[in-house]
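Using my numbering, read the sequence shown as starting at 1 and increasing by one per residue.
Even glycine gets a Cβ: it sits at the ideal position worked out from N, Cα and C.
A short worksheet on the structure shown next.
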Amino acid sequence: MKIFTIIKEHSERIPDKNFVDLNGYPLWWHLLSELEGLDVTVNTDSKKFIKQLRSSKLKSIKVFERLQKHIDWENNENIDSSPVEDMLFEFCKTIDRSEMVVLTHVTSPFLKKQTILDAIDLLQKDPKAKSIHSIHEVQDFVWLKQATEAKPVNFCRDRVQRTQDLSSIFVSKGAFFISKAEDILNQRNRLPEPLLFFPLDHMQAIEIDNFEDLKFARIFGDER
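Below, the structure written as structure tokens:
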């Protein structure tokens with residue numbers, strides 16, 4: 001098993017997000033400390049991260065300095081996609097194609113090592129599946145906002161429904177995307193098909209995307 005993640009120097013919604021303090025440690029530290037001892041590679045453009053990592057007690061984390069093409073891609077305002085998937089492809093080319101690859105993100109600070117192992121076990125037990133992805137499963141009423149309108153996904157205007165009768169909604173979470181390197185490269189996709197979904201509990205589903213997420217994570221972390 002190979003674990004691959006990315007850490008960039010600058011962020012937009014939360015300035016320097018990967019380095020903000022979360023209960024006494026920078027955000028990036030929480031997941032990487034949980035994964036200490038595993039085969040983890042971090043793709044980064046951040047000298048700040050490299051310096052902090054060297055002064056930490058984490059010794060099994062490998063660093064791959066980001067390729068210039070990916071830095072240029074990310075800084076190009078005319079491109080509306082992230083280079084993360086291409087970074088993953090480049091990483092997969094450097095390892096044995098039979099390796100199980102876990103793409104994860106340090107913005108999921110409460111993800112547990114055992115959860116990743118459980119997800120891999122579930123994937124390996126399915127003879128057809130090629131990948132498995134972390135989700136948060138909810139049973140609630142959902143509306144989809146498009147421009148200035150909101151359209152119901154599972155909300156009925158003509159009657160009052162019971163939430164327990166609703167079909168589950170799977171909310172995609174960036175905690176992990178898991179597949180063999182061979183399947184990732186063959187399908188040129190971080191989630192080769194057929195794919196499975198792995199529900200996370202509320203704690204592990206916490207993802208730091210904005211200041212509200214960070215505030216909640218700090219409160220939650222204090223109470224753990």
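- Query: For V42 versus I6, is the C-beta spacing smaller than 9 angstroms?
  - Reply: In this structure, V42 sits near I6, with a CB-CB distance shorter than 9 angstroms.
- Where E34 falls: helix, strand or coil (DSSP): helix
- Rounded C-alpha distance that separates E34 from F110: Looking at the two C-alpha atoms, the distance is approximately 9 angstroms.
- Could you pull out every residue in the same chain whose Cβ sits closer than 7 angstroms to the Cβ of A217, ignoring the five residues on either side in sequence? L22, P109, I206, I208
- What's the gap between the Cα of E77 and the Cα of S134? 29 angstroms
- What's the C-alpha gap between Q114 and V160? 40 angstroms
- Can you check the region 15-62 for any alpha helix (DSSP H) of at least 4 residues that lies completely inside it and give the ranges in chain order? If one requires a minimum length of 4 residues, the alpha helix (DSSP H) runs lying completely within the region 15-62 are 27-34, 47-55, in chain order.
- Cα-Cα separation between A150 and K62, rounded to whole angstroms: 45 angstroms
- For I169, collect the residues of the same chain with a Cβ closer than 6 angstroms to its Cβ; drop the 5 residues on either side in sequence, then sort them by chain order. V138, V142
- Item | Secondary structure of H70, DSSP reduced to three states | helix
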